[in-house]
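Single-structure report; data block below.
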Amino acid sequence: MDQPALLSSRDAGVLTLTFNRPAKLNAFNFEIAEGLIAALQAVEHDAAVRAIVLRGSGRGFSAGQDLEVFMQLAASGERISIADHLRRTYNLVATLVRRIEKPVIASLNGIAAGVGLSLALVCDLRIAADDAELTLGFSKIGLIPDGGGSLMLPLLAGLGRALEFAWTSEKIGAEEARRIGLVNRVVPAAELERATQAYAAQFTRISPAAVALTKRAFNRAVLPNFDRWLEEEAELQQAAADGGDVLEGIRAFVEKRKPAYAK
Ligand code: T3D
């Protein structure tokens, strides 16, 4: 029987949600997106959950949207509205992560790419293994950073570094990510799991009201229009998709070759 694509466990006030498609580097499918939405909604007002950890099984956090799923939908003749897909999946996840007034922590082992990285950036805090790697990858397939990535990346790294990182789709290591503000902590890979639980547990000992109101204050100070921005970002992503390069970009990825974009 297939393993669930999203695993959930609770320990001493910490809820851990694990993306579980290791053979596909935890690329997000509908099961993961819908599972995340349901799991986050379920604990939003659960006082027993004091911190939330998102992590990946195997050798990566997440490689972003499952591009094979997109290819199959396109091959079946189904017209895909990327904006609608975002509204039904990653934008809902991002809204919940920002709205839940508890620390949400991404624990980055291995690769974090595409909307997997966007989701990590939407989280409150990020702890990474020293061998973790971060890349956006959207530009390689003719898209813009989505799922909140186009807002969180420049906020955390500054405009110039964010543009460079997004346009080039370069892959950076954990130390560089920490240096430019994308990651809070870097720990030896073998210690990531234990270090993540200890990192999360410290927030369970702080006044829940102080934690919640600090997140609310910071959200209002620097992300007052977060949901409106997600909608604008979805519309810009749709414009990018309408340009037509995305199909060639995804086809090239699935066929393991370089894309050939029209001039
Ligand atoms: O509406 C919307 O949702 C639009 C939004 C889109 C959001 C996005 O996330 S767009 C960006 C999507 N992600 C990417 O473009 C990244 C694609 N992956 C890669 O570039 C590379 O896989 C990595 C740099 C992440 C890792 O490279 P490497 O060499 O360590 O591993 P690999 O061999 O490429 O991947 C391992 C397997 O995972 C492989 O499967 P196989 O051949 O062994 O059966 C590969 O095909 C699969 N995989 C990796 N990423 C994805 C994936 N399968 C489906 N979708 C993926 N994104």
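Our numbering puts the first residue of the sequence shown at 9, with every later residue one more than the last. All C-beta atoms, glycine included, are put in the ideal place defined by N, C-alpha and C.
Buried versus exposed, by CB contacts within 10 Å (16 or more), residue i
i	result
residue 53	exposed
residue 55	exposed
residue 241	buried
residue 71	buried
residue 167	exposed
residue 230	exposed
residue 115	buried
residue 126	buried
residue 233	exposed
residue 228	exposed
residue 67	exposed
residue 132	buried
residue 137	buried
residue 200	buried
residue 165	buried
Beta-carbon contacts of residue i that lie in its chain and below 6 Å, excluding the five residues immediately before and after
i	result
residue 237	159
residue 104	48
residue 57	23 and 51
residue 170	161 and 162
residue 193	135
residue 185	142 and 191
residue 267	256, 257 and 260
residue 121	71, 72, 143 and 145
Residue i versus residue j: straight-line alpha-carbon distance, rounded
i	j	result
residue 153	residue 214	34 Å
residue 112	residue 129	11 Å
residue 39	residue 97	10 Å
residue 46	residue 140	28 Å
residue 41	residue 101	7 Å
residue 18	residue 29	20 Å
residue 119	residue 225	31 Å
residue 74	residue 94	13 Å
residue 156	residue 206	27 Å
residue 235	residue 263	35 Å
residue 223	residue 247	33 Å
residue 59	residue 189	21 Å
residue 110	residue 254	36 Å
residue 107	residue 218	15 Å
residue 147	residue 258	11 Å
residue 204	residue 61	8 Å
residue 265	residue 212	47 Å
residue 21	residue 64	20 Å
residue 195	residue 210	16 Å
residue 151	residue 78	14 Å
One or two residues paired with residue i in a DSSP bridge
i	result
residue 135	115 and 193
residue 61	24 and 113
residue 258	Partner(s): none; residue 258 has no beta bridge.
residue 181	141
residue 14	27
residue 36	73
residue 19	22
residue 120	70 and 142
Cβ shell of residue i (< 7 Å), same chain only, five flanking positions each side left out
i	result
residue 178	143
Short CB-CB distance (under 9 Å) between residue i and chain B
i	result
residue 256	Going by chain labels, chain B is absent from the structure shown, which holds only one protein chain.
Own chain partners of residue i with C-beta closer than 8 Å, once the 5 adjacent residues on each side are dropped
i	result
residue 172	178
Please specify which runs of the alpha helix (DSSP H), each continuous and at least 4 residues long, are wholly inside the stretch 60-95, giving them in chain order. 75-83
Quick check for students: name the residue ranges of the alpha helix (DSSP H) that lie wholly in the stretch 222-251, counting only runs of 4 or more.
234-250
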